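Asks: Chains as they are written, first to last, in my numbering: chain Z, 3 to 117; chain G, 316 to 492; chain V, 607 to 795.
Don't be surprised by glycine CBs; every beta carbon is placed ideally from N, CA and C.
None of the values given here were measured: they were computed from a predicted structure.
Handing you a structure now.
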Amino acid sequence: MIYALCLVLFMVGLYGVVTKKNTVKIVIGIIIMEYAVNLFLVLLGYRKDGVAPIIDEGTSVLKFSQLAVDPLPQALVLTAIVIGLGVIALMVAICIRLYERYGTFDITEMRRLKG
Amino acid sequence: MGQKLTPGDSRSNLYNPQLGMTLIVKTVTRWVKGFIFLFGVYIVLYGHLTPGGGFAGGVIIAGAFILLTLAFGKEAALERMSKTVASEFDSLGALMFLMLAWLGLYFGGPFFVNFIQRNLPGKRFHLFSAGNIPLCNIAIGIKVGTSLFMVFIILSVLRVVVKKGERRMVQMKRRGE
Amino acid sequence: MVTLLTVLLFFMVVGAIIAVETKDLLSSIICVGAVGFGVSIAFLFLRAPDIAITQVVVEVLVLVILIRATISRDVTAISGDREFFSMTVSIALLLVIFIFGLEVFKSFPQFREPVFTTMSDASTNTYIQRGLIQTGAANLVTSIILDYRAYDTLGEATVLFTAILGALAILRAKARKRTTDSSEGNSDQ
């Protein structure tokens, strides 16, 4: 059920990318897809009644290893979020450049590929 | 915002009411900006003990500078960290991270080995522990913070508003008919 | 816990639909912000405080960048979608992808039962049981991204560097060109 809702969120983003004409709307669709994928990866590592993967000073490692959630997807998602920010900045820069060139955000009016 | 400044009076533009946002925003920013920066440094330094680390702390440090840019205009942020200084720090962070990885080779081990922890392990759950993980955190924090500050400065400084509305209106009208 | 996550995900789906479908770009960007903060709260409930912190701050920066990029443009609303035929084809394709995705999810492990609890040779077991001894860091996420899988972080730094360099190159070339042949550029428009 939760996985399916995550997929629905991804689909909404993909719908925005495929059908919208505004370049900023396309960027927004890509952002929503990125959020859905990040959330899905973290959902995969959740354990019932889990604790955060940070060891306290008092608890023993053996007891901790039976409670902790999966730290590996969290580590991968942590880098993915920051990369996503850099990529979003690059896409916004391309949008601004296209706006300066063509005077519009509409991709159907950007017919001329020259220059 | 949007006024041209002569290069001489860049120091006085912190209190220039013509630039930036309203007085309330400026006053709150003046009080809060140091604490945001300090919180970012704390997140970076204690990344191996508490939630956080180089990525989160670096983004928070960049957020302090971006708040300054938004409240006082871009000159106030650029006189604290100019674009050349930011790009140098950016390269410094990446080089520091790479050097820590190379030092692992030098001290007898694979690339990226945690050589400090292997040779002199610190006391667990204290600040000086975990070998070169805090050093890597500092490098990543510098890198991420200055990169994001620089991309914001690029997007806001080199922003050129093009007045081509007439052409678009003509085209839209043609499409409508 | 599950119901709370479900409600949060419904909120995010509604926010995403509004963000994609609304006409005004500014309200669309604000709805993206709502989705991002919802993701952040979900991370907090999923016991991932590291990425919850990162997601909040990154979300603020995304909002600021997008608003700075789109505000004061004279065109903010482009109405209308693509043509009817391409719309139909793309929606059909989306439905096919959705159905296949649901089929794929049947082979995944149940929610709340991650893979490493059932497989004894999963690498996460090593990280959890020996991470404190081998790296000395109490925060296992940090010990993974900076010690066990530091190559990943090196690649991340490279990608970030390249993205910033690309943004700089794209925006700077225009500024230099405008000073030389701005009259020519205006005349051919």
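(1) Looking at C-alpha atoms only, which residue of V/Ala773, V/Ala756, V/Tyr754, V/Leu615 is the closest neighbour of G/Ile468?
(2) Are Z/Glu59 and G/Phe440 closer than 7 angstroms when you measure CB to CB?
(3) Note down the Cα distance separating Z/Thr61 from V/Gly742, rounded to an integer number of angstroms.
(4) The ligand GDP heavy atoms versus the CB of V/Leu774: any closer than 6 angstroms?
(5) Cα separation between V/Ser692 and Z/Cys8?
(6) Once DSSP output is grouped into helix, strand and coil, what is the label at Z/Leu100?
(7) In the DSSP assignment, what residue or residues form a beta bridge with Z/Ile56?
(8) Residues of the region 732-757 of chain V with a CB closer than 7 angstroms to any CB of chain Z: list them in chain order, please.
(9) May I have the straight-line CA-CA distance separating G/Phe464 from Z/Gly52, to the nearest angstrom?
(10) Quick one: which unbroken alpha helix (DSSP H) runs of 4-plus residues sit fully inside the region 379-413 of chain G? Chain order, please.
(11) Go to G/Gly355, then tell me how far its alpha helix (DSSP H) extends in each direction, as first and last residue.
(12) For the pair the region 342-361 of chain G and the region 406-422 of chain G, tell me if three or more CB-CB distances fall below 8 angstroms.
(13) Could you list which residues in chain G have their beta carbon closer than 7 angstroms to that of V/Phe691, in chain order?
(14) Can you tell me which of the three DSSP states G/Lys478 falls into?
(15) Distance check for G/Thr399 and V/Tyr757, CA to CA, integer angstroms please.
(16) For Z/Ala70, which of helix, strand or coil comes out of DSSP?
(17) Determine, using beta carbons only, whether G/Lys348 and G/Ala379 come nearer to each other than 7 angstroms.
(18) Decide if the region 624-636 of chain V is in contact with the region 40-50 of chain Z; the criterion is three or more beta carbon pairs, one per stretch, under 8 angstroms apart.
(19) Mind checking Z/Glu36: buried by the 16 CB within 10 Å criterion, or exposed?
(20) By a C-beta neighbour count over all protein chains shown, 10 Å radius and 16 as the cutoff for buried, is Z/Tyr17 buried or exposed?
(21) Return the CA-CA distance between V/Thr612 and Z/Phe12, expressed in angstroms with no decimal places.
(22) Count the other CB atoms, across all protein chains shown, that sit within 10 Å of the CB of Z/Met93; report buried if there are 16 or more and exposed otherwise.
(23) Is Z/Glu36 close to chain G? Criterion is C-beta to C-beta, closer than 7 angstroms.
(24) Kindly indicate if chain G contains any beta-carbon less than 7 angstroms away from that of Z/Val29.
(25) In its own chain, which residues sit with a C-beta less than 7 angstroms from the C-beta of V/Ala728, not counting the 5 before and 5 after it?
(26) Report the start-end ranges of each alpha helix (DSSP H) in the region 694-781 of chain V that is 4 residues or longer and not cut off at the edges.
(27) Within the same chain, show all residues whose beta-carbon is closer than 6 angstroms to that of G/Gly372, passing over the 5 residues directly before and after it, in chain order.
(28) Given that a residue counts as buried once 16 or more other Cβ atoms are within 10 Å of its Cβ, and exposed if not, what is G/Ile381?
(29) Measure how close the beta-carbons of V/Val641 and G/Val374 come, nearest whole angstrom, since I'm counting them as under 8 angstroms.
(30) Can you find a C-beta in chain G that's less than 7 angstroms from the C-beta of Z/Leu80?
(31) Apply the 10 Å Cβ neighbour rule to Z/Val71 and answer buried if 16 or more other Cβ atoms are within range, or exposed otherwise.
(32) So, using beta-carbon positions, are V/Ile657 and Z/Leu80 closer together than 7 angstroms?
(33) What does Z/Met3 reach in chain V if we use C-beta pairs closer than 7 angstroms?
(34) From the beta carbon of G/Val466, is the nearest beta carbon of chain Z less than 7 angstroms away?
(35) Any beta carbon from chain G within less than 7 angstroms of V/Ile659's own beta carbon?
(36) What residues of chain G sit near V/Phe767, judged by a beta carbon separation below 9 angstroms?
Replies: On the basis of the data shown:
(1) In the second sequence, residue 468 of chain G corresponds to position 153, counting from 1. For the residues V/Ala773, V/Ala756, V/Tyr754, V/Leu615, the minimum Cα distance to G/Ile468 belongs to V/Ala773.
(2) The residue labelled residue 59 of chain Z in the question sits at position 57 within the first sequence. The residue labelled residue 440 of chain G in the question sits at position 125 within the second sequence. Yes.
(3) Translated into positions along the first sequence, residue 61 of chain Z becomes position 59. Translated into positions along the third sequence, residue 742 of chain V becomes position 136. So the alpha carbons of these two residues sit roughly 15 angstroms apart.
(4) With respect to the ligand GDP, the structure shown offers nothing to examine, as it has no ligands at all.
(5) Mapped onto the third sequence, residue 692 of chain V falls at position 86. Mapped onto the first sequence, residue 8 of chain Z falls at position 6. Taking the straight line from one Cα to the other gives about 26 angstroms.
(6) Within the first sequence, the letter at position 98 stands for residue 100 of chain Z. Helix at Z/Leu100.
(7) Residue 56 of chain Z sits at position 54 when you count from the first residue of the first sequence. V/Asn745.
(8) Tyr733, Ile734, Gln735, Leu738, Ala744, Asn745, Leu746, Val747, Ile750, Ile751, Arg755
(9) Along the second sequence, one-based indexing puts residue 464 of chain G at 149. Along the first sequence, one-based indexing puts residue 52 of chain Z at 50. Rounded to whole angstroms, G/Phe464 to Z/Gly52 spans 36 angstroms at the Cα level.
(10) 389-393
(11) By one-based count along the second sequence, residue 355 of chain G stands at place 40. First-last of the alpha helix (DSSP H) with G/Gly355: 338-360.
(12) no
(13) Taking the third sequence and counting its residues from 1, the one referred to as residue 691 of chain V is at position 85. The premise fails here: V/Phe691 is roughly 18 angstroms from chain G at the closest Cβ pair, so nothing lies under 7 angstroms.
(14) For the purposes of this step, residue 478 of chain G is taken as the residue at position 163 of the second sequence. Note that G/Lys478 has pLDDT 45, beneath the 50 cutoff, so the model's placement of it is unreliable and no number is given.
(15) Walking along the third sequence from the start, residue 757 of chain V turns up at place 151. Walking along the second sequence from the start, residue 399 of chain G turns up at place 84. Taking the straight line from one Cα to the other gives about 28 angstroms.
(16) Taking the first residue of the first sequence as 1, we reach residue 70 of chain Z at position 68. Strand at Z/Ala70.
(17) For the purposes of this step, residue 348 of chain G is taken as residue 33 along the second sequence, with counting starting at 1. For the purposes of this step, residue 379 of chain G is taken as residue 64 along the second sequence, with counting starting at 1. Against a cut-off of 7 angstroms, the Cβ pair of G/Ala379 and G/Lys348 comes out as a contact.
(18) no
(19) Mapped onto the first sequence, residue 36 of chain Z falls at position 34. Buried is the call here.
(20) In the first sequence, counting from the first residue as 1, residue 17 of chain Z sits at position 15. When all chains shown are included, Z/Tyr17 counts as buried.
(21) As a working note, residue 612 of chain V is residue 6 in the third sequence. As a working note, residue 12 of chain Z is residue 10 in the first sequence. The alpha-carbon atoms of V/Thr612 and Z/Phe12 are separated by roughly 15 angstroms.
(22) Numbered from its first residue, the first sequence carries residue 93 of chain Z at position 91. Z/Met93 should be labelled buried.
(23) Sequence index remark: in the first sequence, residue 36 of chain Z carries index 34 (1-based). It does not; no Cβ of chain G falls within 7 angstroms.
(24) Counting from one through the first sequence, the residue named residue 29 of chain Z turns up at place 27. Not an interface residue.
(25) Here residue 728 of chain V refers to the residue found at position 122 when the third sequence is read from its first residue. Correct list, in chain order: Val721, Phe722.
(26) 721-724, 729-741, 746-749
(27) Numbered from its first residue, the second sequence carries residue 372 of chain G at position 57. Only Gly355, Ile358, Val359, Gly456 meet the Cβ criterion.
(28) As a working mapping, residue 381 of chain G is identified with position 66 in the second sequence. Buried, because 16 or more other Cβ atoms sit within 10 Å of the Cβ of G/Ile381.
(29) Residue mapping note: residue 641 of chain V aligns to position 35 of the third sequence, counting from 1. Residue mapping note: residue 374 of chain G aligns to position 59 of the second sequence, counting from 1. Not a contact, Cβ separation roughly 19 angstroms.
(30) On the first sequence, residue 80 of chain Z is found 78 positions in, with the first residue counted as 1. At least one chain G Cβ lies under 7 angstroms of Z/Leu80.
(31) Taking the first residue of the first sequence as position 1, residue 71 of chain Z is located at position 69. Burial call: buried.
(32) The residue you call residue 657 of chain V lines up with position 51 of the third sequence. The residue you call residue 80 of chain Z lines up with position 78 of the first sequence. Cβ atoms of V/Ile657 and Z/Leu80: closer than 7 angstroms.
(33) Residue numbering aside, residue 3 of chain Z sits at position 1 when the first sequence is read from its first letter. Ordered by position in chain V, the residues that pass the 7 angstroms Cβ test against Z/Met3 are Thr612.
(34) What you label residue 466 of chain G is simply residue 151 of the second sequence in a count that begins at 1. Yes, because at least one Cβ of chain Z sits closer than 7 angstroms to the Cβ of G/Val466.
(35) The residue labelled residue 659 of chain V in the question sits at position 53 within the third sequence. Output row for V/Ile659: interface = yes.
(36) Here the question's residue 767 of chain V lines up with position 161 in the third sequence. Simply Asp405, Ser406, Ala409, Lys458, Ser462.
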